[in-house]
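Here the structure is laid out as C-alpha cells; the discussion comes afterwards.
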Amino acid sequence: MTMETGGQPSTAAPAIELKGISKSFGPVQANKDISIRVMPGTIHGIIGENGAGKSTLMSILYGFYKADKGEIFISGQKTTIPDSQAAIAAGIGMVFQHFKLVENFTVLENVVLGAEDGAFLGPSLAKARSELTELAREYELNVDPDALIEEIGVGMQQRVEILKALYRQADILILDEPTGVLTPAEADHLFRILDGLKAQGKTIILITHKLREIMEVTDTVSVMRRGEMTATVKTKDTSPTELAELMVGRKVLLRVDKKPAKPGETVLDVQNLSVTDDKGVERLKGVSLNVRAGEILGIAGVAGNGQSELLEVLGGIQTATGSVTVNGQPLDLTGKLSDAKSRRARGIAHVPEDRQREGLIMDFKAWENTAFGYHDDPAYQSGILMNNHAIREDTEGKIERFDVRPADCHLAAKSFSGGNQQKIVLAREIERNPDLLLVGQPTRGVDIGAIEFIHQRIVELRDQGKAILLVSVELEEILSLSDRIAVIFDGKLMGERMPNATDEKELGLMMAGMSGANSEEVAL
Amino acid sequence: MDYFTILQIVDSALRLATPLLFACLAGLFSERAGIFDIGLEGKMLGAAFFSAATAFATGSVWLGLLAGIGASLALSAIHGLASITFRGNQLISGVAINFLASGLTVLIGLSWFKLGGQTPALSGAARFSGVDLPFAEALSGVPLIGPIYSEVLSGHTILVYVALLCVPLSWYVLYRTRFGLRLRAVGENPAAVDTAGISVIGLRYSAILIAGVLCGLAGAYLATGLGASFVREMTAGRGFIALAALIFAKWRPWYALYATFLFGLLEAVSNRYPSVDLGFVTLPSQFMQALPYILTVVILAGFVGKAIPPRAGGQPYVKER
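Protein sequences, first through last, are from chains A and B. Under this note's numbering, the letters of the first sequence match residues 1 to 524, in that order. Under this note's numbering, the letters of the second sequence match residues 525 to 845, in that order.
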C-alpha cells in the first residue's frame, strides 16, 4: 500500500512516515492500518469524503489522539506525539479548518501565544514583530501585526494561522480544508503561498475534498475511504475522474446531468429591492430579477455582496424596500406578513445558507428538526399536543427517500455529517412541494457523494416545474446547476449570463465588480 | 456638608470598598480564564470565619489571615475540581459553595464558640490596626491637601493598601506578562491555547487559585480589619456586588477599582446619613441602606452600555478533534 511519493530522490528520508496507524473509537474504526510517506519539499494531498478518517489521522499527527497501533517517523526518526507540544517540537504546524485564534487579540499576540520568549511580554512581542516582517517578505504573507483578529477577513485570519506555524519553526505544515471559507481569489493567493513555502523546502499536507485543488497544487495525492488509505499516486499521473472514483468507490458524475430547462410562467418577480442593515449600511441596492417556473436562477458572487440579504428578504427574516411578487401576488416586505411563516404559507421554501445556525437546531433530534417551520401542520397535531408519532413516521419516510445516513431519526442533528444534515433540511423543504425554492450554499461542507445527490434533487424539483433561486459561492456549482446566472457585486446585479455562453473567467471578473459588457476588453 | 465630612465619607468609602475590590479582582482573574465565579460570596464568608476563629485562638491576626486564605483556597479547589476537572456547571458549583460556606461557618461557630454563630470579639494583636503613613501628623496642618493625606489616605489597615496595590499589579500581570496573555486567551478561546501546546487545565487552576487567595484576603479583612469578629452572613451579598462591579468594570483592573469605590461610596453615604431629607420627601433609612443593592440591579440590567464578557466564560473545555 505504501508508495514512493514526491519528486526527490528516493534515498532522502521522508519528512513524515506513518506505519500501520490504527485508531478506533468504540466499535468505529476511524483509521485502519494506514501507512504513508511524505517526501520533504512536496505538497501532498489527502483526499476523501467526510468521515473517511482524514481528520482523525491528522489529529494523531498533531497529538490530539493517541493511535492504538502504529509508528510515526519524522525525518527518519521514530517519534511519539503525546500532545500538541510534542507535535510543535517535532516541527509540525497545523492550520485547522476552524481557526484557533483569539478574536479580540491582535495578530501579534496570537502569533506569540504559547511561543513566548520569557515571562514578560515586551521582548517577545518585539521579536515577533521583526520576525513577522521577515516572514511576510519571504512568503507573501502580509498581515498588519496590530490588527485585531475580529476585524480582519477570513483570508487574513488563515494567514495568521500559517504565520503561527512558521513562527514556531514548523517544517511540516498541515492544512485541513483550507479553502472552505475562502473566495476563489483568496484561494489562489493561498496556493501561491503554499508554492512559495514548498520552494523553501517546507513539506505541506493538504487535506481537502475538492478535486480541483488537488489537481492544481499537489505533487502526490493519497485517497482515503472509510478509514483506509486506498491509494497514493503522483498527481500528474491521475485524473479527477479517477480520484473521485477512488474516493467514493464508484463512478461519479462531476457535471450535473440535466435536460434543457422549459421555463414557464414567472413565479418570482423582484423589482428594485433594497436592504439597509442595522448599522445603516446599504446591503442591497435596487436589485431586480425574476425566476420562472421550471428554471434555476443561480446568483454568483463573493460572499458578503448582498446575496445573503436577498435570500433573507425572500425567506422572511429581513425587511426591505421595493416590490416582490410571487405568482403575481405582492409579498409583504415590512409588515405583519413579512415573517418566515407567512412566506411558507405562500409556497416559498428556504434552505438557508448556514444550515447549522439557521437550518437546524444541532442538539435536537432529526425528527424534531424536520418539523421546524411546519409544526402547525394539522397532520402533526393531536388535540393541543404535538403528534410526535406522526412526525417521527414522516421523518422516517424522508430519511429513506433522501438516503440520510445513518437512517435513525432519533439521532441529534449534530451527529450527522454535513451532507446528511443538508439532506435533512432539503427533505423538510422540498417535500412541502413549494412553488419557489430558495437554496443557499447547498453543498458547503458536503462530501462528493452527497453533492451529486443534492444536485439531482434540485434538478428534479426544477423538472417538476418549480422555480429555484440558487445562491452559491462555488462557481463550479453555479455553472453546472443554473439555467441562468446573475452576478451580484456590492449589492447590485452586474448582469446576467447563460451558463453555456460564459466561463469562470468572465464570471470571476464580474464578481470582482468589472462590468460584464467590458469584460472582453479587460480580458485582452 | 463641610469639607471635613466629605473627607470622612471618602475615608470610610475606601475602607468599605476594600473587600469589594479584593473580591472583584478575584472574580476578574477567574472569569478572564473562563471560569464563572458565583462562589465569591461563599469564599469570603469561609475566609472571614476561619480568620476570625484562628486569630482569636492564637492571638495573631497574621495566622488568622493565613487560615482565611487557606479556607478560601480549599473552597476554590472544590470549585476547580467540579468545574474544571469534572467539567460540571460552574454556576451550580458556585452556588453550592455559597450554601456550603453559609451553613458550615454557622455550624462550626456554634460548636466552637457557642455564641449563636459569632466568634468572640477580637482585640489587640488579633486584629489589623491602622497604619499611619509617614508624615501624616506633620502634613495634617497643610490646608486642603493635608487632610486628604492624613484623613483619607493614612490610618487604614495594611490590607487596604494591599488591595490598592493589587490593582496595578493585576493590570501588569494580565497585560504585560506571558501568564497574563495565556490567561486572557484561555477565557476567550481555550482551543487556541490548547493547540498552541499550553495546558488549559493548568491555566484555569492557576486562575482560580489566585481568586482563592484574593477572596481569602477579602474575607479576612471583613472579620479582622473592618470588623472585630465574625458575624453570621457578615458578607451580606458583597460577593454578588463584586460580581456586579466586575461587569461594570468590563473585566478590567483599573475600572474594577473605580466600580468598587463607587459601591463603597454609596455604602459610606448610607452609613453616614441613615435618612436624607430632600425637602419635599424624606428618604427612609431602608432606602439608603438598599442603595448599593439597587445600583447592582441597575448595573446588571444593562444600563452601563455593552459589556462583553470573556467569550469562553462558563463553558467547560472539551477537546475536539
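Heads up, the beta-carbon is just placed ideally off N, CA and C, and yes, glycines get one too.
Report yes if the CB atom of Ala601(B) is closer than 7 Å to the CB atom of Ser617(B), and no otherwise.
At the C-beta level, Ala601(B) and Ser617(B) stay beyond 7 Å of one another.
Select from Ile299(A), Ala340(A), Met94(A), Phe64(A) the residue whose C-alpha is nearest the C-alpha of Arg537(A).
In the structure as shown, chain A begins at 1 and stops at 524. Residue 537(A) is therefore absent and cannot be evaluated.
Report, in whole angstroms, the separation of the C-beta atoms of Thr748(B) and Ala576(B), which I expect to be a contact under 8 Å.
6 Å
So, does the CB of Arg845(B) fall closer than 7 Å to a CB anywhere in chain A?
For Arg845(B), the predicted structure reports a pLDDT of 46, less than 50, and the residue's modelled location is therefore unreliable. A value from the coordinates is still provided. Among the CB atoms of chain A, one or more fall inside 7 Å of the CB of Arg845(B).
So for Gly298(A), helix, strand or coil by DSSP?
Here Gly298(A) sits in strand by DSSP.
Short Cβ contact (7 Å threshold) for Cys739(B) with Ser596(B):
yes
Under a three-way DSSP split, which group does Val710(B) fall into?
DSSP places Val710(B) in helix when its eight states are reduced to three.
Can you tell me whether Ile533(B) is buried or exposed? The criterion is at least 16 other CB atoms within 10 Å of its CB, across all chains shown.
buried
Could you name the residues of the same chain whose beta carbon sits closer than 6 Å to that of Ile734(B), not counting the 5 residues immediately before and after it, in chain order?
Taken in chain order, the residues that qualify are Phe553.
Cα separation between Ala561(B) and Thr321(A)?
The sequence given here places Asp at residue 561(B); Ala does not occur at that position. When rounded, the distance between both Cα atoms is 47 Å.
Could you give the residue range of the beta strand (DSSP E) that holds Ile174(A)?
172-176
For the region 217-231 of chain A and the region 37-45 of chain A, state whether three or more C-beta atom pairs, one from each stretch, are separated by less than 8 Å.
yes
Do you know how far the Cα of Leu544(B) is from the Cα of Ala825(B)?
Looking at the two C-alpha atoms, the distance is approximately 20 Å.
Which class does Gly7(A) belong to by DSSP, given the choice of helix, strand or coil?
With a pLDDT of only 46 at Gly7(A), under the threshold of 50, the placement of this residue in the model should not be trusted; the figure read from the coordinates follows. If DSSP states are grouped into helix, strand and coil, Gly7(A) belongs with coil.
Should Gly513(A) go down as buried or exposed, given a rule of 16 or more other Cβ atoms within 10 Å for buried?
exposed
Residues, ordered as in the chain, of the region 716-742 of chain B that lie near chain A by beta-carbon distance below 8 Å:
Ala716, Val717, Asp718, Thr719, Ala720, Gly721, Ile722
Mind checking the region 91-115 of chain A against chain B and listing, in chain order, the residues whose C-beta falls within less than 9 Å of any C-beta there?
Those residues of the region 91-115 of chain A that come within reach of chain B (Cβ to Cβ, closer than 9 Å) are Met94, Phe96, His98, Phe99, Lys100, Leu101, Val102, Glu103, Asn104, Phe105, Glu109, Asn110, Val112, Leu113, Gly114, Ala115.
Uninterrupted beta strand (DSSP E) stretches inside the region 191-272 of chain A (no shorter than 3 residues)
203-208, 220-225, 228-234
Output the residue ranges of the beta strand (DSSP E) runs that lie fully inside the region 319-381 of chain A and measure 3 residues or longer, sorted by chain position.
Whole beta strand (DSSP E) segments, 3+ residues: 321-326, 348-351.
Test: Phe25(A) CB closer than 7 Å to a CB of chain B:
Look at Phe25(A): its C-beta is not under 7 Å from any C-beta on chain B.
Buried/exposed call for Trp778(B), threshold 16 Cβ in 10 Å
exposed
How about Thr701(B): is its C-beta nearer than 7 Å to some C-beta of chain A?
Contact of Thr701(B) with chain A is assigned, a C-beta pair being separated by under 7 Å.
What does the Cβ neighbour count give for Asn31(A), buried or exposed, with the cut at 16 atoms within 10 Å?
Around the beta-carbon of Asn31(A), 16 or more other beta-carbon atoms lie within 10 Å, marking it buried.
Which ranges would you report for the beta strand (DSSP E) in the region 92-147 of chain A if only whole runs of at least 3 residues count?
92-95
C-beta atoms of Phe652(B) and Thr681(B) nearer than 7 Å
yes
Pick helix, strand or coil for Gly20(A), following the three-state DSSP scheme.
Gly20(A): strand per DSSP, three-state reduction.
Anything in chain A within Cβ reach of Arg706(B), meaning under 8 Å, just list it in chain order.
Correct list: Leu113, Gly114.
How many Å lie between Gly301(A) and Ser472(A) at the Cα?
7 Å
Which chain B residues sit within Cβ distance under 8 Å of Phe120(A)?
Arg700, Thr701, Arg702
Does Gln158(A) come within less than 7 Å of chain B when only Cβ atoms are used?
The beta carbon of Gln158(A) does not come within 7 Å of any beta carbon belonging to chain B, so the residue lies off that interface.
Beta-carbon of Ser417(A) versus every beta-carbon of chain B: anything under 7 Å?
Look at Ser417(A): its C-beta is not under 7 Å from any C-beta on chain B.
CB-CB length for Gly45(A) against Val248(A), believed under 8 Å
Contact flag wrong, Cβ pair sits at about 16 Å.
Locate the alpha helix (DSSP H) running through Glu565(B), then write down its first and last residues.
Where Glu565(B) is concerned, the enclosing alpha helix (DSSP H) stretches over 564-582.
I'd like to know whether the C-beta of Ser22(A) is nearer than 7 Å to at least one C-beta of chain B.
no
Ordered along the chain, which non-local residues of its own chain (more than five positions away) have a Cβ less than 7 Å from that of Gly53(A)?
Ala30, Asn31, Met224, Gly227
Please check the pair His603(B) and Ile632(B), which I expect to be a contact at CB under 8 Å, by giving their CB distance rounded to whole angstroms.
Between His603(B) and Ile632(B) the beta-carbon gap is near 20 Å, outside 8 Å, which marks them as no contact.
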